[in-house]
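Just below is one structure, and these are the notes that go with it.
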Amino acid sequence: MIPAAFDYLRAHSTDEAFAYLQQHGAEARVLAGGQSLIPAMRFRLARPAVLVDINPVRDLNVLRVNGGVLEVGAIARDSDIERAPWIADRRWSLVHDVSRVVADPVVRQMGTVVGSLCHNDPAGDWTATALAARAEVVVRGKAGTRTVPIDKFLVDSFTTAVSEGEMALAAHFPVPDDRTAGSYQKVERKVGDFATAAAAVQLSLNANGTIREAGVALSAAGPCAVRIDEAERMLAGQKPTAELIRAAADAASRRSAPQGDLRGSVEYKKNLAGVLVARGLRQALARLGVQA
Amino acid sequence: MKVKVTVNGVAYERDVEPRTLLAYFLREDCGLTGTHVGCDTSSCGCCVVVMDGGRAVKSCTMFAAQADGHDILTVEGLADGGKLHPLQQGFWDQHGLQCGYCTPGMMLTAYALLKHHPTPSEADIREGLAGNLCRCTGYQNIVKAVQQAARGGQP
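Going down the list, the protein sequences come from chains A and B.
Letter 116 of the first sequence, counting from 1, is numbered 116 in this note's numbering, and no numbers are missing.
Basically this note's numbering = 1-based index in the second sequence + 292.
Here it is in structure tokens:
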């Protein structure tokens, strides 16, 4: 399976990449890690006439904590996150968990966080993670650069707020406070398969042990990763208990709207979504030294 | 388009279509058929090569154009003259292969793993090779082979 022919344009700066994208509009796609785009091109599910390779753009090879956010540039690899020196800090446990289960270890050496968000696969790992972590995406457009909250960024399956001629430059994950931990729970048939179901959870506690803020999101639970607002509202302000976790998990199950396929029936996947949210909440709490 | 890729220390300059995948560039344009193509869809890891000394990549899921100006290591570049690389020696001593189809990808994935993690545990090795499929060995001896290489090549 060989992709359809295309013109290859190599960008060495963000300006150059942006100029190419403006010139070619809907005909062009950005090539970052290529771990979703190239297989899609090989299956002829995608036939871009022009690829703009941003891998040589040094400014986009960024992974740093700066001004209260973790900046993940458009060509920072999943494996860069997995190997970052600060990643073992429990406040980053959600991001750390995810960086170890995206695709497989070789794919992670090319695959990028921003590329995964832009691809917006219904079963993507970074989309649900970005929702739970309340990330933002920096998008360059004609009118300049704007920062788009993840809830607005993820529009629908394979569709984002990045319009024709635009490009995503970075994802920003707010630096969680030190009473924060998370968890990513994924069930897959084998390493590298799409998730049968996955849940991303992040909890911040108050000094008195109540939950200050909760992030709960599902992947592989409908056309697009979905925030479980009902569960987040339920959890906020409460002392964590087994009953509360069960209620949040039930809310996730109800909200999950998966498709039945070889990985499982609708009933199974909806149930699994709740199980994974409960496991994620328990693990995040355990990381904070709380049994519930 | 012209691409110039240094493969195992030798510069190969070739005129290719942009859609040429690195795996086919290596096999057909450079004549280096040690890099195998298994699934062709980035699932099996047979085609893994090492880019710029430390990054394992699936060469079926990367264009040759992306390797322009970069260094690629394939299985043909592992041995030092007639002396096997410790990973090759490990696979030999530990019977880490049967049909051999997955072996180049296994060794190159392990090469990058050992670069980043010179003293891996058994679990690290198993996790690091999780993107490489073998249908013969049951993986046991592949893990032993990588352990031997990590020990400095002593069986």
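Just so it is clear, CB atoms sit at the ideal spot from N, CA and C, and this is done for glycine as well.
Small disclaimer: the values here were computed from a predicted structure and weren't measured.
Which residues in chain B have a C-beta closer than 8 Å to the C-beta of phenylalanine 6(A)? List them in chain order.
Pro310, Arg311
Quick check on this structure: which residue in Leu389(B), Ala441(B), His362(B), Gly445(B) has the alpha carbon closest to the alpha carbon of cysteine 428(B)?
Leu389(B)
Could you work out which residues of chain A lie near glutamine 358(B), taking near to mean beta carbons separated by less than 7 Å?
Asp53, Asn55
If I measure Cβ to Cβ from aspartate 177(A) and keep anything under 8 Å in the same chain, skipping five residues before and after, which residues do I get?
Arg91, Ser204
Rounded to a whole number of angstroms, what is the C-alpha to C-alpha distance between alanine 49(A) and glutamate 309(B)?
13 Å
Distance between asparagine 424(B) and histidine 328(B) (C-alpha atoms, nearest Å)
12 Å
The region 37 to 50 of chain A: positions lying closer than 9 Å to chain B by Cβ:
Ile38, Pro39, Met41, Arg42, Phe43
Contacts around alanine 109(A), its chain only, beta-carbon distance under 7 Å, and the 5 residues preceding and following it disregarded
A small correction: the amino acid at residue 109(A) is glutamine; alanine does not occupy that position in the sequence shown. Correct list, in chain order: Arg77, Ser79.
Sorted by chain position, which residues of the same chain lie with C-beta nearer than 8 Å to alanine 334(B)'s C-beta, five sequence neighbours on each side aside?
The identity of residue 334(B) in the sequence shown is serine, whereas the question assumes alanine. Closer than 8 Å at the Cβ level, and outside the excluded window around serine 334(B), lie Lys350, Cys352, Thr353.
Are the C-beta of glutamine 23(A) and some C-beta of chain B separated by less than 7 Å?
no
For threonine 411(B) and chain A, any beta-carbon pair shorter than 7 Å?
no
Taking C-alpha atoms, which residue in Glu188(A), Ala28(A), Ala220(A) lies nearest to alanine 128(A)?
Ala220(A)
Please confirm if aspartate 332(B) has its CB atom under 7 Å from at least one CB of chain A.
yes
Verify whether the separation of the beta carbon atoms of alanine 199(A) and valine 277(A) is less than 7 Å.
yes
May I ask you to verify whether the region 218 to 236 of chain A touches the region 246 to 266 of chain A, counting CB pairs closer than 8 Å and requiring at least 3?
yes
Serine 351(B) touches chain A at which residues, Cβ-Cβ below 8 Å?
Per Cβ cutoff of 8 Å: no residues; serine 351(B) is ~10 Å from chain A at best.
In chain order, what residues of the same chain lie with their CB nearer than 7 Å to the CB of arginine 282(A), ignoring the 5 residues before and after it?
Around arginine 282(A), the same chain offers Ile245, Ala292 as residues with beta carbons nearer than 7 Å, after the five sequence neighbours per side are excluded.
Kindly indicate which residue of Glu419(B), Gly326(B), Ala303(B) has the alpha-carbon position closest to the one of proline 105(A).
Cα-wise, what sits closest to proline 105(A) is Glu419(B).
Using a Cβ-Cβ cut-off of 8 Å (strictly less than) and excluding sequence neighbours within five positions of alanine 303(B), which residues of its own chain qualify?
Within the same chain, alanine 303(B) has close Cβ partners Lys296, Val297.
Proximal residues of chain A, C-beta to C-beta of methionine 354(B) below 8 Å
Gly34, Ile38, Met110
Taking only the alpha-carbon atoms, compute the straight-line gap between glycine 373(B) and asparagine 300(B) and give it to the nearest angstrom.
12 Å
Could you please give the first and the last residue of the uninterrupted beta strand (DSSP E) stretch that includes threonine 147(A)?
144 to 149 is the span of the beta strand (DSSP E), which, as asked, contains threonine 147(A).
Looking at the structure shown, is asparagine 120(A) part of a helix, part of a strand, or coil, going by DSSP?
Coil, per DSSP.
CA-to-CA distance, leucine 235(A) to glycine 209(A), given in whole angstroms:
12 Å
With the cut-off set at 7 Å, would you say glycine 182(A) and serine 93(A) are in Cβ contact?
yes
Of the choices Ala422(B), Leu324(B), Gly397(B), whose alpha-carbon is the least far from that of lysine 190(A)?
Ala422(B)
Please list the terminal residues of the continuous beta strand (DSSP E) segment that includes alanine 441(B).
Run containing alanine 441(B): none in the beta strand (DSSP E); it sits in the alpha helix (DSSP H), 432 to 442.
Inter-residue spacing [alpha-carbon to alpha-carbon] between alanine 297(A) and histidine 408(B):
Within the shown structure, residues of chain A are numbered from 1 to 292, placing residue 297(A) beyond reach of any answer.
I'd like to know if proline 105(A) contacts chain B, where contact means its C-beta is closer than 7 Å to some C-beta of that chain.
yes
Quick check on DSSP: helix, strand or coil for alanine 236(A)?
coil
State yes or no: is the C-beta of glutamate 164(A) within less than 7 Å of the C-beta of threonine 147(A)?
no
When the Cα atoms are used, what is the spatial distance from aspartate 166(A) to leucine 21(A)?
Checking the sequence, you will find glutamate at residue 166(A) rather than aspartate. Using only the alpha carbons, I get a separation of about 7 Å.
Whole-angstrom Cβ separation of glycine 445(B) and glutamine 381(B), contact assumed at under 8 Å?
5 Å
Suppose the cutoff is 7 Å on Cβ atoms and the five residues either side in sequence are ignored; what does the same chain contact list for leucine 324(B) look like?
Val299, Leu318, Thr366, Glu368
Which residues in chain A sit within 8 Å of threonine 401(B), going by Cβ to Cβ distance?
Pro105, Val106
If I measure Cβ to Cβ from lysine 269(A) and keep anything under 6 Å in the same chain, skipping five residues before and after, which residues do I get?
Ala197, Pro258
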